[in-house]
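Undergrad: Okay, here's the structure, questions in a sec.
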RNA sequence: GGUGAGGUGGGUGAGUGGCUGAAACCACCGGUUUGCUAAACCGGCGUACGUGGAAACGCGUACCGCGGGUUCGAAUCCCGCCCUCACCGCCA
């Protein structure tokens, strides 16, 4: 959620930035609407507080009359009664103002919820994913798969690594069951990613996988993206779509010390996504599933250097992909494809050698104060007033598509080779 | 699932319906004293919104789990909700 004061002070920039997102003129109009409503809001608050101040003054006066016993004399008694009547009248007026105020505030709030984050100046304009800027690409030819060049879902069957039919039996489609060396490989990747993050200074977190409404609201899954999450209705808990949700919320309503920043956290969790309404070859195999594993890195950063931290996170993710020898490219998302809450996002895609297409495996973003404003995560520099922190996060990495690309690329006529860095974790180097 | 207790500032913890934004202590920050450290002493020490100011800061309003009610006036009384803790039962 954008800050009203920011919108007011930077109206032109906000409008210019938001235009990159291809918003309707109606939504763009919210900017001025919010500024207008905020003016009305202030005027009303002024009136209300003036009246309340008068009520407090009168109440004190009446109290004084009673306390000192003066109210027993006729003159003072009349004064007290007159005071009471005035307070009653004032309160009636206040109630009226407050009703108006609450309507205006709700309206401001609703409009603010509709406004996405202002894209960073680096964000290219564009309508959708075809307009994303290729920020970094592999040098040379894209590798071709060895062996029979099977897609990963066939490799999964051939080597008994994962089983979709079994998942359907137990739960439903999109819930793969990993078995034997497939399971071991999965576990190896998780441990490898975690260890790398810990070495890079991240603190490991194992958060709850179910979160309450306040938490889901904090990172912006609620109110609009309700359909994305599984909901345990009886207890009103949501299954997390990403570890970002519980981990970022650790600091909800907190004021952290500037010296503690950047706060770097990493968490492995399963992620649950309902992803209603997607069909076709994009969802085949591990390309898109309802439950998947992911290692997520989260940072709470000082606004002064949050973009340095973003760069640091990019290199971290690059390091992982290099270690696994997977060909990848980095996209800088354009305004049309940029997530609602993000100011700048880089997507990492790995090459699926058998499917001959790019698969998104990581999304690294700086949300600036968009999330922290909603969650009220602030920091204090010395004795200064608290200011909102910047929040950042990135996948490091999402497992299924890494698994897919890795299996396809490393297949040979003898079997599937395990990347060297994973062998200490798997204790086998070939899947036969 | 059953029963009981309780939710006050960073922490512990007082608080009679008006003098309580809230005692006291601890922590923290600044200072004085002091061979050094420590101790002692003095002072400061919440947040949000509104308003004035270049700023320092001043003024106003709100906040003692959340929401509502009673009252001229509520941390204090009443109602609803949420949460926490303890014990019992069940259980990985």
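Numbering (our numbering), first residue to last: -13 to 418.
Virtual Cβ for every residue (Gly too), placed ideally from N, Cα, C.
1) Name the one or two DSSP bridge partners that residue 224 has.
2) Can you give me the C-alpha to C-alpha distance between residue 73 and residue 24, rounded to a whole angstrom?
3) Are residue 376 and residue 292 close, meaning C-beta to C-beta below 8 Å?
4) Taking the alpha-carbon positions, what's the residue 33 to residue 191 distance?
5) Do the segment 380 to 390 and the segment 353 to 372 touch if we need at least three Cβ pairs shorter than 8 Å?
6) Which two residues bound the contiguous alpha helix (DSSP H) that contains residue 256?
7) Please classify residue 376: does DSSP put it in a helix, a strand, or coil?
8) Going by C-alpha to C-alpha distance, which of 373, 240, 257 and 378 sits closest to residue 298?
9) Between the Cα of residue 197 and those of 176, 228, 232 and 212, spot the shortest distance and give me the residue it belongs to.
10) Do residue 317 and residue 108 have their beta-carbon atoms positioned less than 8 Å apart in this structure?
11) Which partner residues of residue 117 appear in the DSSP bridge assignment?
12) Just to confirm before moving on: does the CB-CB distance between residue 419 and residue 17 stay below 8 Å?
13) Assuming the contact rule is C-beta atoms closer than 8 Å, residue 136 and residue 340 should be a hit. Round their C-beta distance to whole Å, please.
14) Counting along the chain, where does the beta strand (DSSP E) carrying residue 343 start and finish?
15) Quick one: what's residue 317 bridged to in DSSP?
16) Just the C-alpha distance for residue 276 and residue 76, rounded to the nearest angstrom, thanks.
17) With DSSP collapsed to three states, give me the class of residue 339.
18) Assuming contact is defined by CB atoms lying nearer than 8 Å, are residue 248 and residue 279 in contact in what I supplied?
19) Just to confirm, is the Cβ distance from residue 230 to residue 205 under 8 Å?
20) Touch check for the segment 391 to 400 and the segment 334 to 353: three-plus C-beta pairs under 8 Å?
21) First and last residue of the beta strand (DSSP E) that includes residue 280?
22) Whole-angstrom Cβ separation of residue 104 and residue -12, contact assumed at under 8 Å?
23) Residue 192 by DSSP, collapsed to three states: which one?
24) Under 8 Å, do residue 325 and residue 351 count as touching if we go by C-beta distance?
25) Restricting to Cα atoms, I'd like to know which of 96, 63, 128 and -4 is closest to residue 312.
26) Is residue 381 buried or exposed, if buried means 16 or more other CB atoms sit within 10 Å of its CB?
27) For residue 223, count neighbouring Cβ atoms within 10 angstroms of its own Cβ and tell me buried if that reaches 16, exposed if not.
28) Mind checking who residue 416 pairs with in its DSSP beta bridge?
TA: Checking against the coordinates, here is how it stands:
1) Your numbering for residue 224 matches position 238 in the first chain. Looking at the DSSP assignment, residue 224 forms a beta bridge with 197 and 217.
2) Within the first chain, residue 73 is the residue found at index 87, counting from 1. Within the first chain, residue 24 is the residue found at index 38, counting from 1. In a straight line, the C-alpha of residue 73 is about 28 Å away from that of residue 24.
3) As a working mapping, residue 376 is identified with position 390 in the first chain. As a working mapping, residue 292 is identified with position 306 in the first chain. Yes.
4) If you number the first chain from 1, residue 33 lands on position 47. If you number the first chain from 1, residue 191 lands on position 205. Pairing residue 33 with residue 191, the inter-Cα distance amounts to about 48 Å.
5) no
6) Start at 1 with the first residue of the first chain, and residue 256 comes out as number 270. That residue, residue 256, is in no alpha helix (DSSP H); its beta strand (DSSP E) goes 249 to 258.
7) As a position in the first chain, residue 376 is number 390, starting the count at 1. Here residue 376 sits in strand by DSSP.
8) Here residue 298 refers to the residue found at position 312 when the first chain is read from its first residue. Nearest option by C-alpha distance: 378.
9) As a working note, residue 197 is residue 211 in the first chain. Comparing Cα-Cα distances from residue 197 to each of 176, 228, 232 and 212, the minimum goes to 232.
10) Taking the first residue of the first chain as position 1, residue 108 is located at position 122. Taking the first residue of the first chain as position 1, residue 317 is located at position 331. Against a cut-off of 8 Å, the Cβ pair of residue 317 and residue 108 comes out as no contact.
11) Against the first chain, residue 117 aligns to sequence position 131. None; residue 117 has no bridge partner.
12) Residue 419 cannot be examined here, being either before or after the span of the chain that is shown, -13 to 418.
13) For the purposes of this step, residue 136 is taken as residue 150 along the first chain, with counting starting at 1. For the purposes of this step, residue 340 is taken as residue 354 along the first chain, with counting starting at 1. Here residue 136 really is in contact with residue 340; their C-beta atoms are around 6 Å apart, less than 8 Å.
14) Taking the first residue of the first chain as 1, we reach residue 343 at position 357. Its beta strand (DSSP E) spans residues 343 to 352.
15) Residue mapping note: residue 317 aligns to position 331 of the first chain, counting from 1. Answer is 120 and 333.
16) For the purposes of this step, residue 276 is taken as the residue at position 290 of the first chain. For the purposes of this step, residue 76 is taken as the residue at position 90 of the first chain. Per the coordinates, the alpha-carbon of residue 276 lies some 57 Å from the alpha-carbon of residue 76.
17) In the first chain, residue 339 corresponds to position 353, counting from 1. Coil, per DSSP.
18) The residue labelled residue 248 in the question sits at position 262 within the first chain. The residue labelled residue 279 in the question sits at position 293 within the first chain. Going by beta carbons, residue 248 and residue 279 fall outside the 8 Å limit.
19) Working through the first chain from its first residue, we reach residue 230 at position 244. Working through the first chain from its first residue, we reach residue 205 at position 219. Yes, the Cβ-Cβ distance between residue 230 and residue 205 is below 8 Å.
20) yes
21) Looking up residue 280 in the first chain gives position 294. Segment 277 to 287, the beta strand (DSSP E) holding residue 280.
22) Numbered from its first residue, the first chain carries residue 104 at position 118. Numbered from its first residue, the first chain carries residue -12 at position 2. The pair is a contact, with the Cβ atoms about 7 Å apart (cut-off 8 Å).
23) As a first step, residue 192 is located in the first chain; it is residue number 206 there, counting from the start. The DSSP-derived three-state label of residue 192 is coil.
24) The residue labelled residue 325 in the question sits at position 339 within the first chain. The residue labelled residue 351 in the question sits at position 365 within the first chain. Their beta carbons are under 8 Å apart, which means residue 325 touches residue 351 by this criterion.
25) Position 326 of the first chain, counted from the start, is the residue given in the question as residue 312. For residue 312, the nearest C-alpha among the options comes from 128.
26) Indexing the first chain from 1 puts residue 381 at position 395. Answer is buried; the Cβ neighbour count reaches 16.
27) Position 237 of the first chain, counting from 1, holds the residue named residue 223. Answer is buried; the Cβ neighbour count reaches 16.
28) Along the first chain, one-based indexing puts residue 416 at 430. According to DSSP, which records beta bridges pairwise, residue 416 is partnered with 403.
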